[in-house]
Each structure stands twice: as structure tokens, then as C-alpha cells.
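Here the structure comes first, spelled out in C-alpha cells, and everything after it is commentary.
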Amino acid sequence: MNRAASVARYRAFDRDILRLDAAAETDRIVKVLSGQVLATLGRRGAVVGLSGGVDSSVVAALCARAFGRDKVLGLLMPEHHSSGDSLRLGCVIAAALGIETMVEDIGPALGALGAYRRQEEAIRAVVPDYGDGWKCKLVLPSIRESTGINITRLTVQDPEGIVRTVRLPPDAYLKLVAATNYKQRLRKMSEYYHADRLRYAVIGTPNRLEHDQGFFVKQGDGMADAMPIAHLYKTQVYQLAEHLGVPEEIRQRPPTTDTFSMPQSQEEFYFALPYDLMDLCLYAADHGIAAEAVAAATSLTAEQVRRAFRDIEAKRRASRYLHARSLLVAPVATE
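Below you can see the structure in the form of C-alpha cells.
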């Protein structure tokens, strides 16, 4: 890139770089999604897991437009650690769209599989007293507050409300994550059960930030027949949400993981920055925007942006396994 082009790109970068025509993008997605599901896949409707968040709400709204509200099933899949708001807000968006819903409580199945027991065993490796009445979450230091290597830590809260954060040895961390991943995988199993009985397609809800950075579980929320918002930055998903009339309460709700028993933001669990800043850093990393330009448009310093760039590449390397298909010894023709 010559100097003039570099300067122009520097000047053009600002927080509005991700602004899109929400009406036109909605029409495009609805048209493509309809063709994918009805023509390519030969299915007649959609199953969407409703979490009460903006991503699943937008996907459900897009499906209602693509197939008609009578051809969309919204699944509400709480478990023992779920926030009550998730179930309530999932019902709110379903009522607003006029789509059918079903509640599939996956808690008993998780208990039978030993998911909760295995979580507790992993935690007791570093917090021996952990048990009934305790709560937990995994946390990652913010890029804005940490200058070292970002290492995930465990935060626990005892029955008296006392909170402390400890480091997890690798084996305990892996066991805790593996046990927790049962949740996303059981939810996906439920989605495919209903998709099979109705001859519907399972529609995924990851946005571009999650899909690109590996913020999903393999064979869990990372699996679907179609993913209509995987090309959209989270910031753009919110733009579609407003255009589609997603209730303001859902649009104003901070993004959460709703995975552990303690309240937890996506920022502290995985991204280390709020979604709007991560979106800008991801866009800049993909378009050769200098860290100084990003810093000028945000509250970050240039060094913090460079750390975000490094984190983006590290997560891409780590998530190649998540995106990979099954490996074959030799090619097998399927058509």
C-alpha cells in the first residue's frame, strides 16, 4: 500500500466503519436463508435455540421472515445454572414474533451424565471446600487492565458471599471446560431432535466475532445447518435487531455467557474487551488498519490495540481445530 492510500485508510477509520444498511442486509439474508433451507437442504422450516440474547433473537426474527412464523420453533433450554432472565427474555422475543416455543430442561440430563459432578471435581482440585451453595465462573483479565499474558482464572463465591479468584492448573481447567461443554452439546442434540421430527433445519446463532474467534463449542453451538449472521460483526447484529423490532429490553441486555452459576460477561470470559471494541480491532486486523488509527477512534492505546491483534491471531490458531472437518485417509465422493 502506498503512503497516500495508507493515510486515507487511517483517516477513514472510525466507529462508523461497521455501519450497514440494515433493511437491505435483512432482505439479503432472508432471501439467501430461504433458498438455503428450502431449496438446497430440502427442509421446510427452522429450529432456533433461544437464549434471550440479541443474536438468537435476530436469527429467530430472520427465520420468521424467511419461512413464516408458523414454520419456526424456538427452543428454550434452561439448566441448573441458567439465569432466569434467559428463559423470560426468550419467551419475550418468541411472543413478539408470534412463533411457537418449547421448553427443554436439560438439567436432569446434565446431572445424569455427571456434568455438574465433574465441574465440581475440577474446581475442588484448587478449592477443596467447593460444593453445595457455592458458585463459580471463569474470568480473563481485560486487555485494558493487564500487561502480561492473558491467563484464564477461576472465580468462586462461597455460601456467605465471599468471592475469591485463583489460578487453575491446566488439567483442572481442561476438565472444567470439558464438563461445561456438555451444556452446549446437549442443547444442540435437542435442536436436532425437533428438527428431525419436523423436517426443519437447525439455524445457528454465532455472529462473526464468535465464529472467527472460536467462541463456540465443537458439535455444540458451533454446529448448525445454516448460520445467517456469521458474517456480521456483533455491532451489526445490534443494527439488525433495531430494524427487526427486537424488544429494547433484549437489545439493552449486556452480552452474557449464561454458562456458569455466577453472572458473567462475554468480555471477562473470552474476549478481554467489550464487543464493540473487539469488532473494531477484528475489522482493523483484517483490513490492515494501523493500531494507531484504531487507538485514535477508541478508548484504547496503540499498545492495547496491538495486544488485541495478537490475541485475535492466537485465538484463530487455537480455533482451527474447532472449525476443522473430520479428517479422512482418502477423499470420499458424496455426489
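Residue numbers (the working numbering): 25 to 359. Virtual Cβ for every residue (Gly too), placed ideally from N, Cα, C. Owing to the predicted nature of the structure, the values given are computational and were not obtained by experimental measurement.
Own chain partners of residue i with C-beta closer than 6 Å, once the 5 adjacent residues on each side are dropped
i: phenylalanine 333; result: Ala309
i: glutamine 237; result: Lys339
i: alanine 90; result: Val54, Leu57 and Ser58
i: alanine 118; result: Gly98 and Thr125
i: proline 183; result: Gly157
i: alanine 46; result: Gln263, Leu264 and His267
Residue i, DSSP secondary structure in three states
i: serine 289; result: strand
i: threonine 280; result: strand
i: arginine 33; result: The pLDDT assigned to arginine 33 is 48, lower than 50, so where the model puts this residue is not dependable; a value taken from the coordinates is nonetheless given after this. It is helical.
i: threonine 125; result: strand
i: arginine 341; result: helix
i: isoleucine 227; result: strand
i: alanine 348; result: coil
i: threonine 189; result: strand
i: leucine 42; result: helix
i: glycine 98; result: strand
i: valine 353; result: coil
i: threonine 322; result: coil
i: glutamine 243; result: coil
i: threonine 179; result: strand
i: leucine 162; result: strand
i: glycine 157; result: coil
Residue of the options minimising C-alpha distance to residue i
i: leucine 42; options: Tyr140, Leu100, Leu304 and Ala321; result: Leu304
i: tyrosine 140; options: Met126, Val151, Asp156 and Ala63; result: Asp156
i: aspartate 40; options: Thr280, Thr259 and Ala348; result: Thr259
i: tyrosine 206; options: Leu111, Ala133 and Val187; result: Ala133
i: glutamate 272; options: Leu324, Asp94 and Ala120; result: Ala120
i: methionine 13; options: Val96, Tyr154, Pro152 and Lys242; result: Here the chain covers residues 25 to 359 and nothing more, so residue 13 does not appear.
i: glutamate 234; options: Val180, Ile227 and Ile253; result: Ile253
i: threonine 13; options: Gln288, Gln208, Val72 and Glu128; result: Past the boundaries of the shown model lies residue 13; the chain is included only from 25 to 359, so the question cannot be answered.
i: alanine 136; options: Pro152, Glu103 and Ser166; result: Glu103
Through-space distance from residue j to residue i, alpha-carbon basis
i: alanine 202; j: glycine 244; result: 12 Å
i: leucine 200; j: aspartate 282; result: 15 Å
i: glycine 59; j: serine 350; result: 27 Å
i: cysteine 115; j: aspartate 109; result: 10 Å
i: leucine 162; j: leucine 192; result: 10 Å
i: aspartate 51; j: aspartate 220; result: 27 Å
i: isoleucine 53; j: leucine 346; result: 25 Å
i: arginine 148; j: glutamate 169; result: 28 Å
i: valine 82; j: lysine 55; result: 15 Å
i: arginine 112; j: proline 278; result: 15 Å
i: glutamine 143; j: tyrosine 154; result: 10 Å
i: tyrosine 299; j: glutamate 291; result: 7 Å
i: leucine 62; j: alanine 319; result: 45 Å
i: valine 150; j: glutamine 181; result: 14 Å
i: phenylalanine 239; j: leucine 297; result: 14 Å
i: leucine 44; j: glutamine 263; result: 8 Å
i: arginine 67; j: isoleucine 227; result: 11 Å
i: arginine 331; j: leucine 222; result: 47 Å
i: proline 230; j: valine 261; result: 10 Å
i: valine 72; j: threonine 280; result: 18 Å
Nonlocal neighbours in the same chain, by C-beta distance under 7 Å from residue i, ignoring five residues either side
i: tyrosine 197; result: Thr176
i: serine 285; result: His105, Lys159 and Cys160
i: threonine 322; result: Leu301 and Leu304
i: arginine 93; result: Leu121, Gly122 and Ile123
i: tyrosine 294; result: Leu164 and Phe239
i: leucine 65; result: Ala225 and Asp249
i: leucine 210; result: Ile130, Ala133 and Leu134
Next on the checklist: Counting beta carbon pairs with one atom in the stretch 214-233 and one in the stretch 177-189, are three or more of them shorter than 8 Å?
Outcome noted: no
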